[in-house]
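Each residue of the sequence shown is one higher than the last, beginning at 745 in the numbering used here.
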Amino acid sequence: MTRERVKFKILWHLYTHGYFGKRHTPIESLKRGLPSHLKGEAIKVARDLIREGLLVAKKTAHGIDVSINPRRAREVKEFLERFET
């Protein structure tokens, strides 16, 4: 599984569950559904997506939560559509 595929899985999970803006999920939950040898890679990819501005990070009492940046939601949707085909 390539890095792009991991990126797709993360963004697909957040997009389909409606994690935009103030609705967020723990960064650790992004590892679900991935093979065990890619779970560490998922966190690295998520941090890269935060740096790119596609994801927004929020500090919480239990750690870091992430959601899709609502201002970049169109870019995320285009990436998902492009990757699916």
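Using N, Cα and C, we set each Cβ at its ideal position, and we do this for glycine too.
Inspect the beta-carbon positions of residue i and residue j and report whether they are closer than 9 Å.
i, j, result
"Ala-817", "Val-810", "no"
Apart from the five residues on each side of it in sequence, which residues of its chain come closer than 7 Å, Cβ to Cβ, to residue i?
i, result
"Arg-767", "Ser-811"
"Gly-765", "Ser-811 and Pro-814"
Return the Cβ separation of residue i and residue j in integer angstroms, given the expectation that the two are a contact with Cβ distance under 8 Å.
i, j, result
"Gly-717", "Ile-771", "The chain is shown only over 745 to 829; residue 717 falls outside these bounds and no answer can be derived."
"Tyr-759", "Val-820", "6 Å"
"Leu-782", "Val-750", "6 Å"
Would you report the Cα separation of residue i and residue j, rounded to the nearest angstrom?
i, j, result
"Lys-753", "Phe-823", "11 Å"
"Arg-776", "Arg-815", "26 Å"
"Leu-778", "Asn-813", "23 Å"
"Ser-780", "Phe-827", "23 Å"
Using a Cβ-Cβ cutoff of less than 6 Å, which residues in the same chain neighbour residue i once the five nearest sequence positions on both sides are dropped?
i, result
"Ile-794", "Ala-801"
"Leu-774", "Ile-754, Ala-786 and Ala-790"
Excluding sequence positions up to five away, which residues of its chain have a Cβ less than 8 Å from the Cβ of residue i?
i, result
"Arg-688", "As displayed, the chain neither begins before 745 nor continues past 829, which places residue 688 out of reach and without an answer."
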